[in-house]
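Structure first, commentary second.
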Amino acid sequence: MQHTNALLFVNGEPPKFYPNDIDSYTYIAATDGAYHNYLSTSSIEPNFIIGDLDSYNPNNTIPSKTKIIHTPDQNKTDFEKAILFLASKGITKFDIYGACGHASDHFLGNISIAIKYYYQYKMTFYDNYCRFFLAEYEQKINNVKDHIISLIPFSKVTQLTISGVQYPLINQTLSLEGMVSLRNKAINDLVKISFKQGYLMVFIENLHNIN
29 MQHTNALLFV NGEPPKFYPN DIDSYTYIAA TDGAYHNYLS TSSIEPNFII
79 GDLDSYNPNN TIPSKTKIIH TPDQNKTDFE KAILFLASKG ITKFDIYGAC
129 GHASDHFLGN ISIAIKYYYQ YKMTFYDNYC RFFLAEYEQK INNVKDHIIS
179 LIPFSKVTQL TISGVQYPLI NQTLSLEGMV SLRNKAINDL VKISFKQGYL
229 MVFIENLHNI N
C-alpha cells in the first residue's frame with residue numbers, strides 16, 4: 029500500500045534532532061523560511077520548498093532534486109499553503125518540525141491550522157521538548173510509559189476519560205476557562221483517551237529533553 033505521509037519543516041525554532049526514518053516519507057518539504065534559516069545546513073534534501081519566497085536567500089544552494097513551489101497568496105500562511113500543496117499530492121498525514129518557538133503568534137497560528145483541517149488531515153508536531161497533536165475521539169497512545177502527558181482543550185471537551193496515567197480522569201469536561209490536565213504521568217505503555225466532542229491537544233514530553 030502506498031504511503032501518504034509527509035515530513036514538513038516550518039520556520040520556527042530549528043530542531044535539534046531529526047527523524048531517523050527519513051526514507052519512510054512519501055515527500056519531504058519545507059517552507060522557504062525553514063529551508064533558508066536552518067534546513068539548508070543539514071543533509072536533508074527536500075522534494076519541495078514552498079512559500080511566498082519572502083525568505084529566499086540566493087546564496088543558499090538548492091539541491092537539484094528540489095522543486096521550488098511559489099505560492100504568493102498572502103491570505104494564507106506558508107504553513108497552510110504547504111499543507112494544501114502536499115494534500116493535493118495525496119498526503120493525509122504530516123509530521124511537522126519547527127512549528128514552535130520564535131514568534132508566539134506564529135505558533136498559535138499553526139495550531140489554528142491544525143484545528144481548521146482536523147477532520148481532513150492528521151498532523152503531529154515535534155519540537156525539542158515534546159510531540160503534540162489533536163486527539164481523535166478514541167485515541168490510543170503506545171510506548172509512553174514514564175512520559176509526562178498534558179491535555180489542553182482548544183474548545184470545550186466533554187465526557188473525557190483517560191486511563192494508563194497516574195491521575196486518571198473519568199467523564200470530565202475540560203475547557204480553557206475551567207479544568208485542564210497538566211503534567212500527568214503515564215504509568216503504562218498504553219494510554220487511552222476518549223471524549224465526546226471538542227478539540228483536544230495532547231502533549232507528550234520527551235523522556236530526555238534537549239537543552
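For the sequence shown, the numbering used here gives the first residue as 29, with consecutive numbering after it.
Where is the CB? At the ideal position from N, CA and C, for every residue including glycine.
Reference residue i, options the options, closest by Cα
i: residue 124; options: 73, 207, 78 and 159; result: 159
i: residue 194; options: 232, 212, 219 and 82; result: 212
i: residue 181; options: 233, 227 and 94; result: 227
i: residue 93; options: 148, 76, 171 and 82; result: 76
i: residue 88; options: 209, 64 and 179; result: 64
i: residue 203; options: 224, 185 and 35; result: 185
i: residue 59; options: 145, 97 and 147; result: 97
Span separating the alpha-carbon of residue i from that of residue j
i: residue 127; j: residue 138; result: 7 Å
i: residue 206; j: residue 140; result: 20 Å
i: residue 129; j: residue 37; result: 13 Å
i: residue 142; j: residue 103; result: 17 Å
i: residue 106; j: residue 113; result: 10 Å
i: residue 219; j: residue 177; result: 10 Å
i: residue 135; j: residue 231; result: 14 Å
Cβ shell of residue i (< 7 Å), same chain only, five flanking positions each side left out
i: residue 32; result: 54, 118, 119, 120 and 121
i: residue 100; result: 80
i: residue 170; result: 217 and 218
Supposed contact pair residue j and residue i - C-beta distance, whole angstroms, cut 8 Å
i: residue 74; j: residue 56; result: 5 Å
Cβ-based neighbour list, residue i, same chain, cut-off 8 Å, excluding 5 preceding and 5 following
i: residue 173; result: 214, 215, 216 and 217
The ligand COA heavy atom lying under 7 Å from the CB of residue i
i: residue 147; result: This structure does not include the ligand COA; it has no bound ligands of any sort.
Own chain residues within Cβ distance below 6 Å of residue i, not counting five before or after
i: residue 222; result: 166 and 189
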